[in-house]
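Quick note: to get my numbering, add 5 to the position in the sequence shown (first position is 1).
Virtual Cβ for every residue (Gly too), placed ideally from N, Cα, C.
Read the structure below first, then the notes.
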Amino acid sequence: MSETQLWEHWAGYLSAVKYQHSASVEYFAIRDAVAVFDTTPLFKYRVSGAAAADAMRPVFVRDVVDCPVGGAQYNIFCNDAGYVIEDAVLLRPAADEFWVTTAQRNLRYLSNALGGPVGVEEARDQWGMLAVQGRHSLSVLSQLTGDAAKLEYFGMTRTSISGVDVMVSRTGFTGDLGYEIWVPSGESVTVFDALFAAGSGYNIAPVGATALGMARLEAGLLLLDTDFESARYAWTDAQRETPFELGLGWMVPEATDRSYVGKAAVERERSTGTSRWKTTGLIVDAAGYEDLYNEEGLMAPKEGVYRTGTMSLYDKDFNADATAEYVGYVTSFMFSPILKRHIGLAKVPLDRAGAGSEVFLELVVSHRPKYVRAEVAKLPFYNPRHKTSTHEVSP
């Protein structure tokens with residue numbers, strides 16, 4: 006299926022970077038049609054037992070009992086110092102059963118942290134996962150199961166597709182209408198083929214990591230080992246971040262008697278206002294970006310621009326003013342096909358975190374550092390109403 010034969014290693018699996026030569030084509034499959042991304046490499050854990058919820062409450066920052074049966078929840082877990090170890094998505098198909106997905110292996114951590122009379126089972130290789138994302142994803146899924154149309158945003162259900170028992174959640178990593186299908190590994194091809202048969206009239210397409218990265222950046226969604234590091238593997242506190250610094254402070258309970266790992270540090274940070282920086286959006290000045298390249302006789306790169314890695318931010322154009330000072334950095338950067346602008350995710354000090362604050366992004370043009378004006382922006386960049394609204398089944 007891959008025309009490019011571009012693959013990358015993802016936690017022991019091979020994952021497509023892109024199937025087609027233009028990542029933008031795959032990106033528009035997400036935004037305008039239906040896209041399928043293979044998320045099987047995610048780690049999956051089943052936590053079960055009568056005390057499952059009670060055992061999980063002290064581990065995660067958000068209270069898992071707020072996740073109803075038949076619901077899903079985005080959550081994080083921290084170390085004792087209040088730094089984020091990782092984010093996770095939880096599914097709760099039954100009162101005494103949770104499924105947890107993470108990007109890194111956490112079996113030992115969860116087994117030790119949960120304790121008590123609960124079972125923790127790693128089921129990564131037993132389940133495949135297919136993310137069905139995009140404006141017409143419901144129209145496709147509704148041909149295969151009537152249960153998809155009943156799902157509210159962050160709802161989940163057990164159902165069947167082509168005779169295969171699956172779990173379906175209204176979740177995803179694209180900031181668009183989307184669903185994720187948990188499939189027993191031996192039946193993944195059956196469900197995959199059924200999806201593409203049902204989606205033939207909707208321009209359904211497989212998408213790789215680049216298109217997924219473009220979509221999640223527009224949605225302001227954070228990628229582990231790109232936009233933040235796990236506190237478990239970071240070498241210094243400068244590499245670790247708190248929920249507030251990651252823009253995830255909304256997860257921290259305002260007032261609760263519930264104890265959870267890192268609670269004292271997180272609440273102290275909130276009460277004293279001692280966050281070191283904030284994760285924000287960044288929009289680059291379009292004319293300035295063009296000029297930097299045009300002055301060198303080059304066309305400014307746009308189509309398919311998506312990169313991860315540190316890009317420095319300064320308070321002034323260093324080439325014009327040698328007193329310019331470093332003020333932060335960008336972790337993800339792209340040309341947004343919808344906004345028609347270059348955007349990024351940035352770490353900036355609190356006094357520059359307000360929307361409209363000016364910074365200068367360092368680029369390398371013809372092997373020389375250049376500086377382009379940019380403005381801090383609120384996240385997300387893209388947040389369509391159909392992502393969370395209730396939908397009728399298409400006729």
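How far does the beta strand (DSSP E) with residue i in it extend, from its first residue to its last?
i      : result
Gly111 : According to the sequence as given, residue 111 is Asn; it is not Gly. It is not in any beta strand (DSSP E) - Asn111 carries neither H nor E in the DSSP assignment.
Ser205 : No beta strand (DSSP E) contains Ser205, which DSSP labels as neither H nor E.
Ala5   : What is shown of the chain runs 6 to 400, which leaves residue 5 out entirely.
Val89  : Val89 to Ala99
Leu368 : Glu363 to Val370
What residues in its chain sit with their C-beta under 6 Å from that of residue i, if we drop five residues either side in the sequence?
i      : result
Tyr18  : Pro46
Phe401 : With the chain represented from 6 up to 400, any question about residue 401 goes unanswered, as that position is not in the structure.
Thr393 : Tyr158
Ala28  : Thr215, Ala216 and Gly309
Ala358 : Lys283 and Thr285
Pro122 : Gly54 and Ala56
Rank the options by C-alpha distance to the C-alpha of residue i and give the top, closest one.
i      : options                           : result
Gly168 : Cys83, Thr150, Leu229 and Glu127  : Thr150
Ile343 : Gly333, Val212 and Ala220         : Ala220
Pro73  : Tyr158, Glu380 and Lys375         : Tyr158
Trp104 : Ala86, Asn117, Gly120 and Tyr79   : Tyr79
Ala60  : Val266, Arg163 and Asp170         : Val266
Ser174 : Ser165, Glu259, Trp187 and Thr231 : Trp187
Asp230 : Ala291, Glu91, His26 and Gln148   : Glu91
Thr1   : Asn117, Glu127 and Asp101         : A question about residue 1 goes unanswered here, because the residues of the chain that appear run from 6 up to 400.
Gly177 : Leu226, Gln148 and Ala21          : Leu226
Ala56  : Leu251, Ala100 and His26          : Ala100
Ala236 : Tyr88, Ser20 and Ile288           : Tyr88
Gly120 : Thr162, Ala93, Val64 and Gly76    : Val64
Glu223 : Thr179, Leu297 and Ala202         : Thr179
Lys49  : Val137, Asn111, Gly204 and Leu251 : Asn111
Glu246 : Ala21, Glu13 and Ala86            : Ala86
Val370 : Leu303, Ala379 and Asp326         : Leu303
Would you give the residue range spanned by the alpha helix (DSSP H) that residue i belongs to?
i      : result
Lys268 : Lys268 to Thr277
Asp43  : Taken as a continuous stretch (DSSP letters only), Asp43 belongs to no alpha helix (DSSP H), being part of the beta strand (DSSP E) at Ala40 to Asp43.
Ser294 : The displayed chain sequence assigns Tyr, not Ser, to residue 294. Here the alpha helix (DSSP H) through Tyr294 covers Ala291 to Asn299.
Asp37  : Ala28 to Asp37
Val332 : Element bounds for Val332: not the alpha helix (DSSP H) but the beta strand (DSSP E), Tyr331 to Ser341.
Gly54  : Looking at the DSSP string, Gly54 is not in any alpha helix (DSSP H), and its letter there is neither H nor E.
Thr215 : Ala214 to Glu223
Leu228 : No alpha helix (DSSP H) contains Leu228, which DSSP labels as neither H nor E.
For residue i and residue j, I'd like the C-alpha separation in whole angstroms.
i      : j      : result
Pro189 : Asp130 : 9 Å
Pro248 : Leu182 : 26 Å
Ala40  : Glu330 : 43 Å
Ser276 : Val257 : 12 Å
Arg36  : Val335 : 24 Å
Asp232 : Ser147 : 35 Å
Leu384 : Val364 : 17 Å
Phe338 : Arg312 : 5 Å
Gly54  : Cys83  : 24 Å
Asp43  : Gly278 : 40 Å
Ala270 : Leu135 : 37 Å
Ala243 : Glu274 : 16 Å
Trp132 : Ile166 : 15 Å
Glu272 : Val66  : 11 Å
Arg51  : Gly124 : 8 Å
Near residue i, which residues of its chain fall below 8 Å by C-beta distance, leaving aside the five closest residues on each side in sequence?
i      : result
Glu367 : Met316, Ser317, Leu318, Tyr319, Phe323, Pro374, Lys375 and Tyr376
Arg113 : none
Ala305 : Tyr294, Glu295, Leu297, Tyr298 and Asn299
Ala58  : Val69, Val70, Ala100, Asp101 and Phe103
Residues in its own chain within less than 7 Å of residue i by CB, not counting five upstream and five downstream?
i      : result
Lys23  : Thr9, Leu11, Glu31, Gly213, Thr215 and Ala216
Asp253 : The sequence shown places Leu at residue 253, not Asp. Answer for Leu253: Ile81, listed in chain order.
His141 : Ala38, Val39 and Tyr207
Pro389 : Asp181
Glu192 : Val169
Practice prompt. Specify whether the segment 281-300 and the segment 349-361 touch according to this definition: at least 3 beta carbon pairs, one from each stretch, less than 8 Å apart.
Written response: yes
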